[in-house]
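Worksheet: the structure to be examined is printed underneath.
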Amino acid sequence: MIYKMKRKIVFLIIAGILSATGCTAQTGLQKTPAERMKQDRIEKMPTGQAAAFKPGEILVRFNPSAQPEALKDFCAKSGLSILHRFNSPGLYLLSIQDQKKVPEKIKEVETHPLVAYAEPNYIFSIDDSKKEPTHVPGEALVRFDVKTERARVEIILKELDLQIMEAFSLPNLYRVKATAPSTSTEEIVNRLTAYPEVLYAEPNFVFTLEPSTQ
């Protein structure tokens, strides 16, 4: 991801949206008018920022089959409480209650059967006054299921004529590039998402950013 310093906007929701202190609170699993007004897309991960995420919080997307009672039980056993439920199905902002660090908690929960993926609550800023390309041509960000071995990842990328340009600290998240200059970003994303091992794929968007001091 490409970025420069400029004006501040915090994309991901901060703590305190809900008054529930734990997953046993019924309101933690219900939409409020305030929630329905929130945007629900997950923002892109800035690279090279050692403290560019909100301490004590993680974003978790649960599998579509997860039921409310199962989510409450999961949170209670995992030392988590719900701060916000996004409009996007199964996506929650959770607070870490057992004092574990964000990377440790992500590693702990992301292999749970109910969890599709987990990641830090990244915070960054964007300067929307600049006229810049919307994404890097011929590149994409792709995240594979945590159970997908590196050897399988390399086989898939080889089949698609893609090469790994960068491996992020988040497990199985890569920046990839087409070996053929004529391959469009849309084609790369569409071909990647056809594989069941791929959780999501998206263009390598270009932003002008200012790291948050929070």
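Each residue of the sequence shown is one higher than the last, beginning at 7 in the numbering used here. C-beta: ideal position from N, C-alpha, C; glycine also. Computed from a predicted structure; not experimentally measured.
What do you reckon, are the CB atoms on residue i and residue j nearer than 7 Å?
{"i": "Ala122", "j": "Asn69", "result": "yes"}
{"i": "Val182", "j": "Leu168", "result": "yes"}
{"i": "Ile194", "j": "Ala157", "result": "no"}
{"i": "Ser84", "j": "Val115", "result": "yes"}
{"i": "Gly144", "j": "Ala207", "result": "no"}
{"i": "Leu77", "j": "Leu100", "result": "no"}
{"i": "Val148", "j": "Tyr128", "result": "no"}
{"i": "Pro126", "j": "Phe59", "result": "yes"}
Does DSSP classify residue i as helix, strand or coil?
{"i": "Asn210", "result": "strand"}
{"i": "Asn127", "result": "strand"}
{"i": "Leu120", "result": "coil"}
{"i": "Pro70", "result": "coil"}
{"i": "Leu163", "result": "helix"}
{"i": "Ile109", "result": "First, the amino acid is wrong: residue 109 is Pro here, not Ile. Of the three classes helix, strand and coil, the one that applies to Pro109 here is helix, per DSSP."}
{"i": "Ser101", "result": "strand"}
{"i": "Leu87", "result": "Leu is not the amino acid found at residue 87; the sequence shown has Ser there. Three-state result, Ser87: strand."}
{"i": "Val115", "result": "helix"}
{"i": "Glu145", "result": "strand"}
{"i": "Glu203", "result": "coil"}
{"i": "Phe80", "result": "helix"}
{"i": "Glu172", "result": "strand"}
{"i": "Val182", "result": "strand"}
{"i": "Glu63", "result": "strand"}
{"i": "Thr191", "result": "helix"}
How close, in whole Å, do the beta carbons of residue i and residue j come, if the pair is a contact with beta carbons under 8 Å?
{"i": "Val204", "j": "Phe150", "result": "6 Å"}
{"i": "Leu120", "j": "Leu97", "result": "Actually they do not touch by this definition, with Cβ atoms about 13 Å apart."}
{"i": "Thr191", "j": "His141", "result": "6 Å"}
{"i": "Ile102", "j": "Glu155", "result": "Contact flag wrong, Cβ pair sits at about 28 Å."}
Next item on the list: Mind the definition here: the segment 160-175 touches the segment 191-202 only if three or more C-beta pairs lie below 8 Å; say whether that holds.
Entry: Counting C-beta pairs closer than 8 Å gives three or more between the segment 160-175 and the segment 191-202, which meets the contact rule.
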